[in-house]
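Using our numbering, the first residue of the sequence shown is number 2, and each one after it goes up by one. We put the beta carbon where it would ideally sit given N, CA and C, even for glycine.
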Amino acid sequence: MAQTDSNTSKNKFKHLLFHKRTLIEFMVKNGYKPADIARELGVNRSTVSRELKRGSVKQIIAGKTVLKYFAETAQEIADRKKANVGRKPKFLNCSEFLSHADKLMKEEKYSPDAVVGQAKDLDLFSPQEMVCTSTLYRYIDADLLRTRNIDLVSKMSRKPQNTHTRTNKRILGKSIDERPEEINDRSVFGHWEIDCVLLKKTKEKVLLTMIERVSRHSIIRLIESKTAACVSQAIRALQKEYGTSFDTIFQSITSDNGSEFADLTSCL
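Encoded structure:
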């Protein structure tokens, strides 16, 4: 399902800060230097350097300690600093669940995956009071919990399981402001915002970015050009990749009124 905006400009998109962090994570993984990243984002190099320092966590890979930047980690740290202003960040809203998780992981040697699975199976917390397995690992990597990586008997990457079974319905609207309330209040997983960013370094190639509004999970794909055909091709590739789960995971996709999203509705 797609929702396009015919009268809302890009600069009114929300979560621009996190959006830029997902681009930083992508570019770091692809070998961009801080100066290159700063040039692409139109910010000072010192801004990028501070961001990399703040959002990088230590990981042990092949016996060596390395620093890896994660957009979600950087965002959570930034949210903590702003916790006394406005709406509470996810980290604070889930404090009871995180205390429960800390106890199980440190004292009973549960894995993060087992903690989340138990909480769901026993209905101990509502979805709004919990975080997913990957976010729990991020919190551990960022030292936001009492649990450390050394406390985990086994640390492995797992694909998140999607349990929503909503029937996918096509939603169209004239403005982002007219989206259904369930999208605006972030109560349901599966509503995404899509954008395209032209890379200055490659002259022509473009990053297609998609951010899920509840989990802040991001998908970034490199496409050949900022055209409707290339965007449609990327969406169809996602449909093939996710198979029968696509309609559940991507319940709506919201774009601005850029011409590159002209065929977004028809290809879904």
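Ser267 in three-state terms, based on DSSP
The answer is coil: DSSP assigns Ser267 none of H, G, I, E or B.
Does the distance from the CB of Pro113 to the CB of Thr134 come in under 7 angstroms?
Yes, they are a contact pair.
Candidates Ser96, Ser127, Asp103, of which the one nearest Val116 by Cα:
Answer by Cα proximity: Asp103.
With 16 as the cutoff for other CB atoms within 10 Å, does Glu43 come out buried or exposed?
In the sequence under discussion, the amino acid at residue 43 is Gly, which differs from the Glu named in the question. Under this definition Gly43 is an exposed residue.
To the nearest angstrom, how far is the alpha carbon of Lys21 from that of Arg81?
Between the alpha carbons of Lys21 and Arg81 lies a distance of about 18 angstroms.
Which runs of the beta strand (DSSP E) at least 3 residues long sit entirely within the segment 47 to 99? Give them in chain order.
You should have 57 to 62, 65 to 70.
Report, in whole angstroms, the separation of the C-beta atoms of Glu73 and Arg217, which I expect to be a contact under 8 angstroms.
Yes, Glu73 and Arg217 are in contact; Cβ-Cβ is about 6 angstroms, under 8 angstroms.
Under three-state DSSP, which class holds Arg214?
In the displayed model, Arg214 falls within coil according to three-state DSSP, outside both helix and strand.
Taking only three categories from DSSP, how would you classify Lys156?
For Lys156, the predicted model reports a pLDDT of 48, less than 50, meaning its position is unreliable; a value from the coordinates is still stated below. Looking at Lys156 - three-state DSSP - the assignment turns out to be coil, as it is neither helix nor strand.
Is the CB-CB distance between Cys268 and Ser233 below 7 angstroms?
It is a contact, given that the beta carbons lie within the stated cut-off.
If I'm right that Lys69 touches Gln60 with Cβ under 8 angstroms, what's the distance once you round it to whole angstroms?
Yes, they are in contact, since the Cβ atoms of Lys69 and Gln60 sit about 5 angstroms apart, within 8 angstroms.
For Asp144, three-class secondary structure by DSSP
DSSP places Asp144 in coil when its eight states are reduced to three.
CA-to-CA distance, Gly259 to Arg147, given in whole angstroms
Approximately 46 angstroms between the Cα atoms of the pair.
Residue span of the beta strand (DSSP E) that contains Lys197, given as start and end
As written in the sequence, residue 197 is Cys, which differs from the Lys given in the question. Start and end: 192 to 199.
Exposed or buried, which one is Thr66 when buried takes at least 16 other CB atoms within 10 Å?
Of the other Cβ atoms in all chains shown, fewer than 16 fall within 10 Å of the Cβ of Thr66; this residue is therefore exposed.
Buried or exposed for Gly244, going by 16 or more other Cβ atoms inside 10 Å?
It counts as exposed.
To which residues of the same chain is Gly1 closer than 7 angstroms at the C-beta, ignoring the five residues directly before and after it?
The question about residue 1 has no answer, for the chain in this structure spans 2 to 269.
Integer-rounded CB distance, given that Trp193 should sit under 8 angstroms from Ile254
Cβ-Cβ separation between Ile254 and Trp193: approximately 5 angstroms, consistent with a contact (criterion under 8 angstroms).
If I measure Cβ to Cβ from Ser219 and keep anything under 6 angstroms in the same chain, skipping five residues before and after, which residues do I get?
The answer, listed in chain order, is Thr23, Ile212.
Flag this pair as yes or no: are the beta carbons of Val215 and Phe251 separated by less than 7 angstroms?
No; because the gap between Cβ atoms is not below 7 angstroms, this pair is not in contact.
Rounding to the nearest angstrom, what Cα-Cα distance links Tyr33 and Lys241 in this structure?
Taking the straight line joining both Cα atoms gives about 29 angstroms.
Closest to Leu53 by CA distance: which of Ile62, Lys227, Ala36 is it?
Of the listed residues, the one whose Cα sits closest to Leu53 is Ala36.
Rank Val132, Asn31, Leu199, Asp248 by C-alpha distance to the C-alpha of His101 and give the top, closest one.
The closest CA to that of His101, considering only Val132, Asn31, Leu199, Asp248, is found on Val132.
Tell me which residue opens and which closes the alpha helix (DSSP H) that Ser233 is part of.
Taken as a continuous stretch (DSSP letters only), the alpha helix (DSSP H) holding Ser233 covers 229 to 243.
Within 7 angstroms, strictly: CB atoms of Ala229 and Ala263:
Yes, Cβ-Cβ distance for Ala229 and Ala263 is below 7 angstroms.
Simplified DSSP assignment, three categories, for Arg222:
In the structure shown, Arg222 sits in a strand (DSSP, three-state: E or B).
Should Ser256 be labelled buried (16 or more other beta-carbon atoms within 10 Å of its own) or exposed?
Ser256 comes out buried.
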